[in-house]
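Numbering (the UniProt record's numbering), first residue to last: 1 to 220. By construction, the Cβ of each residue, glycine as well, lies at the ideal position given by its N, Cα and C atoms. Accompanying notes for the structure given below.
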């Protein structure tokens, strides 16, 4: 069962909520998938049932084509945000961590081709493995966080939140004008270039701000 935890493994006092995800917030990722660049944040939601601990074996769906990793900085929201300002939105972040937006890529391509929503490709059970959260004050400013993903020791993804199309506070404020964010909700802020397929037995290491690593393994 998923619960929000800190880097020491202690359960944080926030209920498990929804996950609001941002698509195409890094220009090079949009380019690698030949996607148009949006003129405002592209948002979609994963339900609470998509959440699983990142340090447990990742169980990939079978028989639905390749499952791609998308490494992202995750923000844990600590108080209600509705039509918030950028400053208020940033002040509501109580935890920063790393997550994977697991994606059934062939399914997503089919859905996009039909002009249909992405939930079947993005919101399935276990599609959002999340690691522990660190207090924001223990990290670099949210606008300057380095993060990376290696698979079996080879670098796959590397990014910095300063490369995002929208500054972090503006992004959260924009989200809060469409969806009220509640304590315990998570925002996934988008993925840099380098997304790729996962296979059984793969070992993943995600690093945040050169402060901590979290390791995950794909179930065989």
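If we call anything under 8 Å between Cβ atoms a contact, is residue i one with residue j?
i           : j           : result
residue 95  : residue 206 : no
residue 98  : residue 74  : yes
residue 127 : residue 102 : yes
residue 129 : residue 100 : yes
residue 90  : residue 67  : no
residue 226 : residue 19  : Any answer about residue 226 is impossible in this case: the structure gives the chain only from 1 up to 220.
residue 17  : residue 194 : no
residue 196 : residue 69  : yes
residue 203 : residue 160 : no
residue 117 : residue 158 : no
Can you tell me which of the options puts its alpha carbon nearest to the alpha carbon of residue i?
i           : options               : result
residue 77  : 197, 62, 186 and 101  : 186
residue 134 : 210, 47 and 79        : 210
residue 169 : 156, 148, 196 and 141 : 141
residue 212 : 203, 45, 7 and 56     : 7
residue 80  : 172, 113 and 64       : 172
residue 215 : 2, 116, 71 and 88     : 71
residue 1   : 57, 106, 196 and 167  : 57
residue 208 : 131, 167, 109 and 165 : 131
residue 198 : 160, 190, 86 and 156  : 156
residue 14  : 182, 113 and 114      : 182
residue 190 : 86, 180 and 167       : 167
residue 55  : 188, 113, 139 and 9   : 9
residue 136 : 148, 62, 88 and 93    : 93
Sorted by chain position, which residues of the same chain lie with C-beta nearer than 6 Å to residue i's C-beta, five sequence neighbours on each side aside?
i           : result
residue 150 : 205
residue 49  : 125
residue 45  : 18 and 20
residue 162 : 143 and 144
Under three-state DSSP, which class holds residue i?
i           : result
residue 70  : coil
residue 132 : coil
residue 197 : strand
residue 116 : coil
residue 6   : strand
residue 161 : helix
residue 46  : strand
residue 103 : strand
residue 171 : helix
residue 283 : The chain is shown from 1 up to 220; residue 283 falls before or after that span and cannot be answered.
residue 60  : coil
residue 90  : helix
residue 111 : helix
Can you list, in chain order, the residues of its chain whose CB lies under 7 Å from that of residue i, leaving out five sequence neighbours each side?
i           : result
residue 83  : 176 and 177
residue 201 : 218 and 220
residue 59  : 126 and 219
residue 121 : 103, 104, 107, 108 and 111
residue 47  : 18 and 123
DSSP puts residue i in a beta bridge; with which residues?
i           : result
residue 204 : 151 and 216
residue 146 : 160
residue 76  : 95 and 186
residue 53  : 130
residue 21  : 44 and 188
residue 181 : 81
Flag residue i as yes when its Cβ comes closer than 7 Å to any non-hydrogen atom of the ligand FMN, and as no otherwise.
i          : result
residue 49 : As presented, the structure is devoid of all ligands, the ligand FMN included, so that no description of it is given.
Would a check of beta-carbon distances place residue i closer than 8 Å to chain C?
i           : result
residue 196 : In the structure shown, chain C cannot be found, because there is only a single protein chain.
Return the chain-ordered list of same chain residues with a C-beta closer than 8 Å to the C-beta of residue i, the five sequence neighbours on each side being excluded.
i           : result
residue 297 : The structure shown does not extend to residue 297, since the chain is modelled only from 1 through 220, so no value can be given for it.
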